[in-house]
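Quick look at the structure:
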């Protein structure tokens, strides 16, 4: 039960992150979208834990969701998964790059961040673009492998 | 200079006018640069929402934690029993409804509506003004920023240019710069006076300069579209 609560909470936070995008408009019922995200997270968790028996019809109990809505919800859930993949790729870049990218997006000025990292502002600017290039390259490779 | 260095300089507004023009020309002709630019913008948007909005996420977690505990508390798990998931679905939908209210109210003051920037308010280059306004109205604040900056710098008396540049700074979380731009507008006599006071209050609040935020928020009168969010800032600052 606690695990279900965690999954539900994580899913709501994911929807919140997606809704931060000004261009994002949800065209299916929220419950359809939310349930699909919860379902996918649950399956991923189950696979991680190598549990058996839950990968069968997990759709049972979700009959409130009409199939048309489910299709739309699946598209949003795919978008969310792609976004999560980009964030996950941060764990695969060098520690220094991860520090620079996270710092750059964490409401700090570039000057402040340069001071905290003990580097010059000019170095930080150059390094940030190299780190973003590293991240984007990993994302591209990951997409190619997934395709 | 690598493609990504150029892209960063362009999106951050570090390029001079001629450099920008050259970059935009190259963007049209060079497919690799175009692909790199599009991928950069996508990654930038995702990182902003997943890393940059951490304060909003903290607020949301605080709202959700007691609800999650209430609806998903540990029950007698010693006994193995079959539980219908539909029972929890009701709880889930109830919590989701609270979440919708959280988004629509808006719990984050930064979700306040953003006015559309009028186009062709030009002194100087019409292209510059229109492009900046178009990007702003599309919500592409980071890309609009250098154009709006150029426009604002060109005429310090142009309240429209100053106001929308200030709002774009707020939307890109450059709160110190936003305050410097919006403060004079809020003290002026233009139609943007009260709107600027609200966005200045929001910037000061984000910088944790509460007395200053309070001062700006109190300038927003009841007839303003930003009266409610300003009152919210006042409550938080008192």
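Residue numbers (the numbering used here), protein chains in the order written: chain A, 1 to 147; chain B, 1001 to 1238.
From the three backbone atoms N, C-alpha and C, an ideal C-beta is built for every residue, glycine too.
- Between the alpha carbons of residue 1186/B and residue 1154/B lies a gap of roughly 19 Å.
- Close partners of residue 1043/B in chain A (Cβ separation under 8 Å): 86, 132, 135, 136, 139.
- Looking from the CA of residue 13/A, the closest CA among 1057/B, 1150/B, 1147/B belongs to 1057/B.
- Apart from sequence neighbours up to five positions away, the residues of its chain that approach residue 1006/B with a beta-carbon distance below 7 Å are 1023, ordered along the chain.
- In its chain, beyond the 5 residues on either side, 1178, 1181, 1182, 1185, 1196, 1199 have a beta carbon closer than 7 Å to the beta carbon of residue 1166/B.
- When Cβ-Cβ separations below 8 Å define contact, residue 71/A makes no contact with chain B.
- Secondary structure of residue 25/A (DSSP, three-state): coil.
- The Cβ of residue 1072/B sits closer than 8 Å to at least one Cβ of chain A.
- With a beta-carbon spacing of about 5 Å, residue 1161/B and residue 1152/B fall inside the 8 Å limit used to define contacts.
- Contacts with chain B at 8 Å (Cβ-Cβ) do not include residue 120/A.
- Distance from the CA of residue 102/A to the CA of residue 122/A, rounded to the nearest whole angstrom, comes to 18 Å.
- For residue 31/A, the uninterrupted alpha helix (DSSP H) run begins and ends at 30 to 48, by DSSP.
- Residue 43/A is not a Cβ neighbour of residue 77/A, given a cutoff of 8 Å.
- The beta carbon of residue 83/A sits closer than 8 Å to some beta carbon of chain B.
- Ranking 91/A, 110/A, 105/A, 115/A by CA distance to the CA of residue 134/A puts 91/A first.
- Using beta-carbon distances, residue 1027/B does not count as an interface residue toward chain A, since no partner is under 8 Å.
- Contact of residue 1047/B with chain A is assigned, a C-beta pair being separated by under 8 Å.
- At least 8 Å separates the CB of residue 77/A from every CB of chain B.
- Residue 1010/B and residue 29/A have their C-alpha atoms some 39 Å from each other.
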